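Here is the structure we will look at.
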Amino acid sequence: MSMRPSYALAIHTSSPDLGLALGSVNENEHDSGDRMGVWELNRSQSTHIQSCLLDFLPPQTWAHLAFLAVAKGPGGFTGTRIGVVTARTIAQQLGIPLYGISSLAAMAQLTILSHVQRQREISGKDIAVELPAHGGSVHGGIYRLERNHLFPIQDDRLLSVDQWQDRLTNHDRPYELCSLNGNLGYGVSGVLQLAKQGWFNGLRPHWSDVVPIYGNLPGTKSIPVHDLSDMP
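What follows is the structure in structure tokens.
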């Protein structure tokens, strides 16, 4: 009798950290059974991600996986590419869905969960997430919790600091600001949780649909996404 895949694997490489998370996709099992690992790999992500995956996965195997999820950015250019390429390759080989999750959305999800765990009220507030970028700019996104699901009110954008501040100042609803800096590997937990929501809602995204979010300043030319099969 064949084994029914019942686990999900999430990958986060959009910062110097590598974050991996594994959890059951059985709706009868609580998220407390999820497990996570974070490695400070810095510039050695490309050479160590495979060995970290092989060390982290057991006692589960590739055959246990029902789907994969990956942080698609924004974040570090090279790191994000490594994670997306790795996840696409595995999902293609296994023939399973791949969820591309915004790294900012993942942190918004963790912010909401921290409120729940501390029994703090968050209803009525949006979550604004900011991540410093090169050249004095900022990656920013604004999210809202509705019916226990996270929705983007403002899609992730690369903005100047002044543009981002203007958006926050003119936002028509109370919000909580989540300021990110440095290593974000622990955000893989939020990647896994958001992907699970998509799975339970019946979404089955194809691996080829997942591409990195690099970001570009308004009024500038977008960075092209080349054929990911050619990425190192």
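My numbering numbers the first residue of the sequence shown as 72 and each following residue consecutively.
All residues carry an ideal CB built from backbone N, CA and C; glycine is no exception.
As the structure is a prediction and not an experimental result, all values here were calculated from the model.
query = Taking the runs of the beta strand (DSSP E) that are 3 residues or longer, which of them lie wholly in the segment 184-233?
reply = 197-203, 208-217, 220-231
query = Applying the criterion that 16 or more other CB atoms from any shown protein chain within 10 Å of the CB defines a buried residue, is G166 buried or exposed?
reply = The residue given as residue 166 occupies position 95 in the sequence shown. Under this definition G166 is an exposed residue.
query = Hey, which unbroken runs of the alpha helix (DSSP H) at 4 residues or more fall wholly within the segment 112-137?
reply = 116-127
request  = Measure the C-alpha to C-alpha separation of L128 and D237 and round it to an integer number of angstroms.
outcome  = Mapped onto the sequence shown, residue 128 falls at position 57. Mapped onto the sequence shown, residue 237 falls at position 166. Going from the Cα of L128 to the Cα of D237 covers about 44 Å.
task = Report the three-state DSSP secondary structure of F152 (helix, strand or coil).
result = Against the sequence shown, residue 152 aligns to sequence position 81. The identity of residue 152 in the sequence shown is Arg, whereas the question assumes Phe. Residue state, collapsed to three classes: helix.
key: Meets three-Cβ-pair contact criterion under 8 Å: the segment 146-159 and the segment 79-89   = yes
task = For the alpha helix (DSSP H) containing S260, list its first residue and its last residue.
result = Taking the sequence shown and counting its residues from 1, one reaches residue 260 at position 189. For S260, the enclosing alpha helix (DSSP H) covers residues 259-271.
request  = Inspect the beta-carbon positions of A179 and L229 and report whether they are closer than 9 Å.
outcome  = Sequence index remark: in the sequence shown, residue 179 carries index 108 (1-based). Sequence index remark: in the sequence shown, residue 229 carries index 158 (1-based). No, these two residues do not count as a Cβ contact at 9 Å.
request  = Give me whichever residues DSSP pairs with M107 in a beta bridge.
outcome  = Locating residue 107 in the sequence shown gives position 36, counting from the first residue. Answer by DSSP bridge pairing, in chain order: A92.
ask   = Taking C-alpha atoms, which residue in R75, L124, I284 lies nearest to G212?
value = Along the sequence shown, read from residue 1 onward, the residue named residue 212 stands at position 141. Closest by alpha carbon: I284.
query = At what residues does the beta strand (DSSP E) containing S250 begin and finish?
reply = The residue you call residue 250 lines up with position 179 of the sequence shown. Residues 246-250.
ask   = Can the beta-carbon of S260 be found closer than 9 Å to that of M107?
value = Taking the first residue of the sequence shown as 1, we reach residue 260 at position 189. Taking the first residue of the sequence shown as 1, we reach residue 107 at position 36. Yes, they are a contact pair.
task = Ignore the nearest five residues each way along the sequence and tell me which others in L50's own chain have a CB closer than 6 Å to its CB.
result = For the chain, the structure presents residues 72 to 303; residue 50 sits outside this window and is missing.
ask   = Straight-line CA distance for P70 to G150?
value = Not covered by the structure: residue 70. The range shown for the chain is 72 to 303.
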